[in-house]
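Step one of this worksheet: look at the structure below.
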Amino acid sequence: MKKGLFISIEGLDGSGKTTQVRYIQEYLQRKGIETLLLREPGGTKIGEKVRDILLDARNTEMDSVAEMLLYASSRAQIMAEKVIPALEEGTAVICDRFIDSSIAYQGYGRQLDINEVYNVNFTAVRHILPDITFFLDQHPDTSLRRRKEASTADRLENEEMEFHNRVYIGYKELCSRYPERIKVLDAGKSIEEIGKEITEQLESFFERM
Ligand code: TYD
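Numbering (this note's numbering), first residue to last: 1 to 209.
As structure tokens, this is what we get:
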């Protein structure tokens, strides 16, 4: 039975997720809540191997359905090994990317059937969705430039701009479809301002609980 708080954070590559993930963790720790920080794809021994395959820029021949299933299998593994046991113990789980990444990148980006992507992933997560998802809203023009300046591009980052535009549209659709769960944050704001908004959202979540 799920007891812990489950948070995910989403956004395009280079939207500043990592900083905010750490902020959320520190905020919860200050409140005396035990936390577990995870990233996707990866986060388990098996998942990290799957991650290597997925992000290897040399795997240019990867089929879109194979890609979608690999992301889902890494997710199934992290659910079984890490997320579910932690939530059952009452630990707050913070996931850097989760199911919405697959809907946005594989569903919208690769133009696979959205319902199929959702159903496969719903099985992978054992029907458990985050309590709150933060979406760092940044247009692909800005986020990709930021990311490419910072490091060597991986297989997904190497995709053409059209792909990233579709992913962005996908995220926006998810935000309007699930306004109760997905909280939109303007990634153009300062780190402090975004942190303040996250705090407000979490405070109001705790009040409602
Ligand atoms: P990563 O280096 O973790 O990027 P980021 O720091 O932006 O999260 O690489 C993960 C990549 O995998 C990223 O380009 C998004 C993509 N991805 C999917 O396409 N589908 C998914 O389900 C997930 C979790 C990630």
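C-beta atoms are modelled at their ideal positions from N, C-alpha and C, and glycine is treated no differently.
Looking only at its chain, what residues have a beta carbon closer than 6 Å to the beta carbon of Gly195, apart from the 5 residues adjacent to it on each side? Closer than 6 Å at the Cβ level, and outside the excluded window around Gly195, lie Tyr23.
Check: Excluding five sequence neighbours on each side, which residues of the same chain lie with their C-beta closer than 7 Å to the C-beta of Ile103?
Finding: Taking Ile103 as the centre and dropping the five residues before and after it, the same chain places the C-beta of Ile114, Val117, Tyr118, Gly170 and Leu174 closer than 7 Å to its C-beta, in chain order.
| Under 8 Å between the Cβ atoms of Ile7 and Ala66? | No, these two residues do not count as a Cβ contact at 8 Å.
If Leu112 and Ser64 are in contact, beta carbons under 8 Å, what's the gap, nearest whole angstrom?
That pair is a contact at about 6 Å.
Exercise. Thinking Val83 and Leu70 are a contact (beta carbons under 8 Å), I'd like their distance in whole angstroms, please.
Key: Contact doesn't hold; Cβ gap of about 18 Å is too wide.
When the Cα atoms are used, what is the spatial distance from Leu54 to Ile128? Answer to the nearest angstrom: the Cα atoms are 24 Å apart.
>> Under 7 Å: does the beta carbon of Lys17 sit that close to some heavy atom of the ligand HEM?
In response: Among the ligands in the structure shown, the ligand HEM does not appear; only the ligand TYD can be found there.
Open item on the list: Counting only beta-carbon separations shorter than 8 Å, does Ile94 have a partner in chain C?
Closed with: Absent from the structure: chain C. Only one protein chain is present.
ask   = What separation, rounded to the nearest whole angstrom, lies between the Cα atoms of Asp186 and Leu28?
value = Distance between Asp186 and Leu28, taken at the CA atoms: about 22 Å.
Nearest-angstrom Cα separation, counted from Ala57 out to Pro130: Using only the alpha carbons, I get a separation of about 30 Å.
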